[in-house]
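K.L.:
Chains E and F supply the protein sequences, listed in that same order.
Residue numbering for the first sequence follows the numbering used here, starting at 40 and increasing by one per position.
Residue numbering for the second sequence follows the numbering used here, starting at 40 and increasing by one per position.
Here a beta-carbon is modelled for each residue, glycine too, at the ideal position from N, C-alpha and C.
All values reported here derive from a predicted model rather than from experimental measurement.
Protein chains: 2
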Amino acid sequence: MSLFRLDASILPATSSSRALGDIVEQEWTSAHPDSAVTRRDLAADPIPATAWQNAVTAGFTPEADQTDAQREAVALATTISDELVNADALLFTVPLYNYGVSQHFKTWFDLAYTNPRTSPTGTALQGKPATLVTVLGGNYDEGTPKEGWNHSTAWLRRVLQDVWGLDVRVVERQFTLVGVNPALDAFADVAADLKATAEENARTSGREIAALRTKQSAA
Amino acid sequence: MSLFRLDASILPATSSSRALGDIVEQEWTSAHPDSAVTRRDLAADPIPATAWQNAVTAGFTPEADQTDAQREAVALATTISDELVNADALLFTVPLYNYGVSQHFKTWFDLAYTNPRTSPTGTALQGKPATLVTVLGGNYDEGTPKEGWNHSTAWLRRVLQDVWGLDVRVVERQFTLVGVNPALDAFADVAADLKATAEENARTSGREIAALRTKQSAA
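1) Following the continuous beta strand (DSSP E) through F148 of chain F, name the residue where it begins and the one where it ends.
2) Is P85 of chain E buried or exposed, if buried means 16 or more other CB atoms sit within 10 Å of its CB?
3) Only counting runs of 3 or more residues, tell me where the beta strand (DSSP E) segments fall wholly within the stretch 122-201 of chain E, in order along the chain.
4) Please tell me whether S191 of chain E and L135 of chain E are closer than 9 Å, where the distance is taken between their beta carbons.
5) Quick check on DSSP: helix, strand or coil for K254 of chain E?
6) Quick test of your reading: W91 of chain F and T153 of chain F, contact by CB under 8 Å. State the CB separation rounded to the nearest angstrom.
7) Quick check on DSSP: helix, strand or coil for T89 of chain E?
8) Using 8 Å for Cβ pairs, my map puts R196 of chain E next to V209 of chain E. What's the rounded Cβ distance?
9) What residue does the beta strand (DSSP E) around T77 of chain F start on, and which one ends it?
10) If the cut is a Cβ gap below 8 Å, which residues of chain F does G98 of chain E touch?
11) L150 of chain F and I119 of chain F look like a contact to me (Cβ under 8 Å); what is the Cβ gap, rounded to whole Å?
12) Report yes or no: is there a C-beta of chain E within less than 9 Å of the C-beta of F148 of chain F?
13) Go to E66 of chain F, then tell me how far its beta strand (DSSP E) extends in each direction, as first and last residue.
14) Taking the alpha-carbon of A235 of chain E as reference, which of E:S55, E:A163, E:L50, E:V202 has the nearest alpha-carbon?
15) Between D206 of chain E and G245 of chain E, what straight-line distance do the alpha-carbon atoms span, to the nearest angstrom?
16) Give a yes or no on whether the C-beta atoms belonging to D107 of chain E and P168 of chain E are separated by under 9 Å.
17) Closer than 9 Å, CB to CB, is A193 of chain F near chain E or not?
18) Measure from the alpha carbon of L59 of chain F to the alpha carbon of each residue in F:D73, F:R44, F:G182, then state which is nearest.
19) Is there a C-beta anywhere in chain E that falls below 9 Å from the one on I119 of chain F?
20) Considering only DSSP beta bridges, list what S41 of chain F is partnered with.
21) Do the CB positions of Q200 of chain E and L175 of chain E come within less than 9 Å of each other?
22) Which same chain residues end up closer than 8 Å to R79 of chain E when comparing Cβ atoms and leaving out the 5 residues on each side of it in sequence?
23) Just checking: is the beta-carbon of A257 of chain E within a distance shorter than 9 Å of some beta-carbon in chain F?
24) Could you confirm whether any beta carbon from chain F is found closer than 9 Å to the beta carbon of T253 of chain E?
25) With a CB to CB cut of under 7 Å and the five nearest residues on each side skipped, what residues in its chain are close to R242 of chain F?
26) Excluding the 5 residues preceding and the 5 following P51 of chain F in the sequence, name in chain order all residues of the same chain whose CB lies nearer than 8 Å to its CB.
27) So the candidates are F:D104, F:T132, F:V113, F:A193; which of them puts its Cα closest to the Cα of G187 of chain E?
28) Just to make sure I have the definition right: I need the residues of chain F whose C-beta is within less than 9 Å of the C-beta of R197 of chain E. Which are they?
29) For the stretch 202-253 of chain E, list the beta strand (DSSP E) runs that are entirely contained and at least 3 residues long, ordered along the chain.
30) Taking Cβ to Cβ, would you say N137 of chain F is nearer than 9 Å to T77 of chain F?
31) Taking DSSP as the reference, what is the three-state secondary structure of D104 of chain F?
And the structure:
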């Protein structure tokens with residue numbers, strides 16, 4: 040048994056998404072104490088900005104004519120795809136950044152998507168249990184001033200669920216900047232409730248992915 | 040007078056978005072033959088994957104304690120912000136990639152957004168005329184199988200228009216993979232119409248941004 044965990048927060052020491060991810064991971068490890076956890080920390084070790092382009096153009100280039108950079112990019116795509124394919128369950132912690140998708144996560148996804156097993160036609164991840172933790176500094180609910188400004192979660196669901204076919208549960212915590220940004224102090228109570236709910240959801244989803252056994256398709 | 044042009048396509052030689060950008064630029068140059076064009080090619084020269092994180096953490100670090108990497112990131116943020124602030128009009132060509140935002144564009148935006156003039160509280164770009172060219176390989180219209188799968192354009196509009204306050208016109212071309220992907224051959228006629236319309240919109244928007252004069256705010 041093994042869990043793959045990806046973290047995208049650029050501020051690990053104070054990361055709300057990593058803290059929720061820790062809860063999910065604890066539930067997994069408590070159910071499977073001997074399980075390995077494979078980690079991909081996109082803040083400590085971001086995917087190079089040129090990797091995706093090199094992997095894509097390598098696909099149009101006979102192997103003998105590929106540059107070293109193209110070969111390295113294809114090898115990295117294989118490695119990050121291996122990490123997904125070989126795991127029994129997946130955990131992603133990905134904050135909303137600047138109303139959009141984490142640049143580090145998109146860069147990682149684009150590269151993984153070039154590998155045949157995790158490409159548009161790959162089926163290696165179908166049905167694999169996964170938890171997506173996402174956190175939003177503000178509040179984006181209906182009726183709030185920023186309603187509609189979260190352009191990240193829908194895309195994350197799209198690619199994890201609809202494209203890769205993962206069996207995804209989403210743990211979301213809003214208002215993580217309450218207590219950090221004094222302008223939001225009035226929302227302390229609601230933020231505390233949202234935090235408690237997210238922590239409970241993280242526990243539940245950790246137990247769920249730990250309980251599921253999926254046979255990986257031999258892709 | 041000067042035009043800032045940013046290109047995000049990773050395949051410059053066959054890029055539909057760059058071709059439309061060329062039309063916009065031609066209209067600009069024809070109206071302002073002596074105008075400079077400042078270029079930022081994110082495929083040829085992508086923003087390093089570590090720059091944003093370093094610029095953000097530099098903001099929490101006294102200048103004397105900053106690392107060289109932090110200083111370089113702040114300097115690059117200043118440069119890319121300068122390019123925007125100093126231009127009289129802006130042109131962005133940004134394809135949809137993997138149902139989401141171009142990784143290169145997001146990485147560039149995040150970094151630019153750390154500079155005070157182009158930050159959440161900066162007002163240096165308000166009212167500046169801009170054209171956003173975006174292209175979609177498939178068709179994402181209402182009623183098509185991929186309705187709702189374009190998670191890029193709404194975020195691009197959000198940050199260019201709502202966050203930075205640019206006076207944005209959007210030139211969009213769908214079905215750019217018709218003629219490339221044989222499975223889409225049946226859509227040749229509709230794709231040709233969409234291409235012609237996009238080219239006409241590119242000409243119009245190029246003329247519009249060329250005609251506008253904006254006084255830059257002294258940010």
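P.N.:
Looking at the coordinates:
1) Here F148 of chain F belongs to no beta strand (DSSP E); instead the alpha helix (DSSP H) covers 142-151.
2) It is buried - the Cβ of P85 of chain E has at least 16 other Cβ atoms within 10 Å.
3) List check, beta strand (DSSP E) in window: 128-132, 168-174.
4) For S191 of chain E and L135 of chain E, yes; Cβs fall inside 9 Å.
5) Caution is warranted here: a pLDDT of 41 is assigned to K254 of chain E, below 50, making its placement in the model unreliable, and the coordinate value is therefore given only provisionally. It is coil, neither helix nor strand.
6) 7 Å
7) coil
8) With a Cβ gap of about 7 Å, R196 of chain E and V209 of chain E count as contacting.
9) 75-80
10) Ordered by position in chain F, no residue passes the 8 Å Cβ test against G98 of chain E, which lies about 11 Å from the chain.
11) About 6 Å separates the Cβ atoms of L150 of chain F and I119 of chain F, confirming a contact at the 8 Å cut-off.
12) yes
13) First-last for E66 of chain F: 55-70, but that is the alpha helix (DSSP H), not the beta strand (DSSP E).
14) E:S55
15) 13 Å
16) With contacts defined as CB atoms closer than 9 Å, D107 of chain E and P168 of chain E fail to qualify as a contacting pair.
17) Yes, contact with chain E.
18) Shortest Cα-Cα distance from L59 of chain F to any of F:D73, F:R44, F:G182 involves F:R44.
19) no
20) F:A75
21) no
22) F43, R44, L45, D46, I119, E122, W147
23) Because the pLDDT at A257 of chain E is just 35, under 50, the model does not fix this residue reliably, and the value given afterwards should be weighed accordingly. A257 of chain E does not count as touching chain F.
24) Any reading at T253 of chain E needs caution, since the residue's pLDDT is 47, under 50, leaving its predicted position unreliable; the model's value is listed next. Judged by the 9 Å Cβ criterion, T253 of chain E is not in contact with chain F.
25) I62, E66
26) R57, D80, A82, A83
27) F:A193
28) Y138, G139, G187, W188, H190
29) 206-212
30) no
31) Annotated three-state conformation of D104 of chain F is helix, per DSSP.
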